[in-house]
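Visitor: Numbering (my numbering), first residue to last: 3 to 249.
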């Protein structure tokens with residue numbers, strides 16, 4: 003009689019192995035988490051996992067739960083403290099909410115989360131901001147852990163696709179949607195909404211996820227540019243005392 007395996011077995015080849023997890027975590031510790039300036043929340047090193055819903059699909063709930071437990075044990079062994087695990091996901095909807103409700107992570111945040119993906123080909127930044135903020139509040143009401151708000155600096159991924167004469171004639175990523183009307187001032191307003199959200203729901207965790215520092219092929223970069231200069235960074239700096247950290 004064969005003994006029961008000590009951990010879930012990944013059936014198909016080419017998937018994540020424990021050795022690969024160890025290698026990733028060892029490199030992450032050596033190159034990033036061991037640095038004095040590395041982000042910590044409540045004194046705990048922060049590790050973000052993208053995309054948690056993809057992990058759940060790939061390995062199943064039991065396999066992903068085991069992976070999270072393994073990561074915690076390894077990092078506790080190294081640091082002597084429990085890591086602060088943040089699950090990153092792409093979309094606020096019923097499917098993703100159900101997964102987030104059962105994950106043993108310390109907080110969640112989003113990647114992008116700006117356009118209405120099934121909406122019109124061109125959308126307006128100033129109109130999308132209140133929609134996304136309202137979604138934050140609805141989601142947080144259903145979670146037992148903090149949702150750390152994500153502030154996105156824009157969206158236009160058409161650089162990733164072949165040239166087309168009219169984006170109305172194509173569907174989906176990377177050609178559409180495009181977000182127009184982005185300004186550093188509106189980005190600053192988005193930041194203010196995120197700061198107010200944290201203050202309302204979890205004032206002990208004043209962290210905002212920024213999308214993104216250098217995502218040039220998504221037109222979502224906050225680093226200095228010919229178009230905006232250092233406008234995005236200036237908006238962040240003006241509010242730095244109200245933030246514990248940015249991811």
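Ideal placement from N, C-alpha and C gives every residue a C-beta, glycine not left out. Bear in mind the structure is a predicted one, so any value in this text is a computation, not a measurement.
Which same chain residues, not among the five before or five after residue 9, have their C-beta less than 7 Å away from its C-beta?
Guide: The sequence position of residue 9 within the chain shown is 7, counting from 1. Confidence at residue 9 is low in this model, with a pLDDT of 44, below 50, so the placement of that residue is unreliable and no value is reported for it.
Visitor: Enumerated in chain order, which unbroken segments of the beta strand (DSSP E) with a length of 3 residues or greater are wholly contained in the segment 136-168?
Guide: 152-154
Visitor: Are there 16 or more other CB atoms within 10 angstroms of the CB of residue 222, so buried, or fewer, so exposed?
Guide: If you number the chain shown from 1, residue 222 lands on position 220. Counting Cβ neighbours within 10 Å, residue 222 comes out buried, since at least 16 surround it.
Visitor: Are the CB atoms of residue 89 and residue 127 nearer to each other than 8 Å?
Guide: The count along the chain shown starts at 1 and reaches residue 89 at position 87. The count along the chain shown starts at 1 and reaches residue 127 at position 125. Their beta carbons are not under 8 Å apart, which means residue 89 does not touch residue 127 by this criterion.
Visitor: For residue 43, which option in 227, 230, 208 has the closest C-alpha, if you only look at C-alpha atoms?
Guide: Taking the chain shown and counting its residues from 1, one reaches residue 43 at position 41. For the residues 227, 230, 208, the minimum Cα distance to residue 43 belongs to 208.
Visitor: Whole beta strand (DSSP E) runs in the segment 55-104 with 3 or more residues, listed along the chain?
Guide: 86-91
Visitor: For residue 261 and residue 99, what's the separation of their Cα atoms in angstroms?
Guide: Because residue 261 is not part of the residues shown, which for the chain are 3 to 249, the question remains open.
Visitor: Under the three-state reduction of DSSP, which class applies to residue 186: helix, strand or coil?
Guide: To locate residue 186, count along the chain shown from 1; it is residue 184. Reduced to three states, the DSSP call for residue 186 is helix.
Visitor: Counting beta carbon pairs with one atom in the segment 136-149 and one in the segment 168-187, are three or more of them shorter than 8 Å?
Guide: They do not touch, by the three-pair rule.
Visitor: Thinking residue 180 and residue 160 are a contact (beta carbons under 8 Å), I'd like their distance in whole angstroms, please.
Guide: Translated into positions along the chain shown, residue 180 becomes position 178. Translated into positions along the chain shown, residue 160 becomes position 158. With a Cβ gap of about 7 Å, residue 180 and residue 160 count as contacting.
Visitor: Assign residue 60 to buried or exposed, taking buried as 16 or more other Cβ atoms, counted over all protein chains shown, within 10 Å of its Cβ.
Guide: By one-based count along the chain shown, residue 60 stands at place 58. Classification of residue 60: exposed, given that the 10 Å Cβ count is below 16.
Visitor: Using the beta-carbon count (16 or more within 10 Å), is residue 57 buried or exposed?
Guide: On the chain shown, position 55 is the one that residue 57 refers to. Residue 57 comes out buried.
Visitor: So what's residue 198 in DSSP terms, helix, strand or just coil?
Guide: As a first step, residue 198 is located in the chain shown; it is residue number 196 there, counting from the start. It is helical.
Visitor: What's the call for residue 40, buried or exposed, on a 16-neighbour Cβ count within 10 Å?
Guide: The count along the chain shown starts at 1 and reaches residue 40 at position 38. Residue 40 should be labelled exposed.
Visitor: Quick one: give me the first and last residue of the alpha helix (DSSP H) that residue 211 is part of.
Guide: As a position in the chain shown, residue 211 is number 209, starting the count at 1. Taken as a continuous stretch (DSSP letters only), residue 211 belongs to no alpha helix (DSSP H), being part of the beta strand (DSSP E) at 209-213.
Visitor: Once DSSP output is grouped into helix, strand and coil, what is the label at residue 122?
Guide: Taking the chain shown and counting its residues from 1, the one referred to as residue 122 is at position 120. Residue 122 falls in the coil class under three-state DSSP.
Visitor: For residue 217 and residue 113, what's the separation of their Cα atoms in angstroms?
Guide: The count along the chain shown starts at 1 and reaches residue 217 at position 215. The count along the chain shown starts at 1 and reaches residue 113 at position 111. Using only the alpha carbons, I get a separation of about 12 Å.
Visitor: Among residues of its own chain, excluding the 5 on either side of residue 232, which ones have a beta-carbon nearer than 6 Å to its beta-carbon?
Guide: For this step, residue 232 is matched to residue 230 along the chain shown. Around residue 232: 226.
Visitor: Taking 8 Å as the cut-off, decide whether the C-beta atoms of residue 238 and residue 193 are in contact.
Guide: The count along the chain shown starts at 1 and reaches residue 238 at position 236. The count along the chain shown starts at 1 and reaches residue 193 at position 191. Yes; because the gap between Cβ atoms is below 8 Å, this pair is in contact.
Visitor: If you drop the 5 nearest sequence neighbours on each side, which residues of the same chain put their C-beta closer than 6 Å to that of residue 77?
Guide: On the chain shown, position 75 is the one that residue 77 refers to. For residue 77, where only same-chain residues beyond five positions count, the Cβ hits under 6 Å are 85.
Visitor: Is the beta carbon of residue 152 sitting closer than 8 Å to the one on residue 115?
Guide: In the chain shown, residue 152 corresponds to position 150, counting from 1. In the chain shown, residue 115 corresponds to position 113, counting from 1. A contact, by the Cβ cut-off of 8 Å.
Visitor: Could you give the C-beta distance for residue 241 and residue 197, rounded to a whole number, given that I count them as a contact under 8 Å?
Guide: Numbered from its first residue, the chain shown carries residue 241 at position 239. Numbered from its first residue, the chain shown carries residue 197 at position 195. Yes, residue 241 and residue 197 are in contact; Cβ-Cβ is about 6 Å, under 8 Å.
Visitor: On a Cα-Cα basis, can you pick out the residue from 36, 94, 111 that is closest to residue 82?
Guide: As a first step, residue 82 is located in the chain shown; it is residue number 80 there, counting from the start. Residue 82 has its Cα closest to that of 36, out of 36, 94, 111.
Visitor: Report the option in 47, 118, 45 whose CA atom is closest to the CA atom of residue 92.
Guide: Working through the chain shown from its first residue, we reach residue 92 at position 90. Residue 92 has its Cα closest to that of 118, out of 47, 118, 45.
Visitor: Determine, using beta carbons only, whether residue 108 and residue 147 come nearer to each other than 8 Å.
Guide: For the purposes of this step, residue 108 is identified with residue 106 of the chain shown, where counting begins at 1. For the purposes of this step, residue 147 is identified with residue 145 of the chain shown, where counting begins at 1. In contact: residue 108 and residue 147 (Cβ atoms closer than 8 Å).
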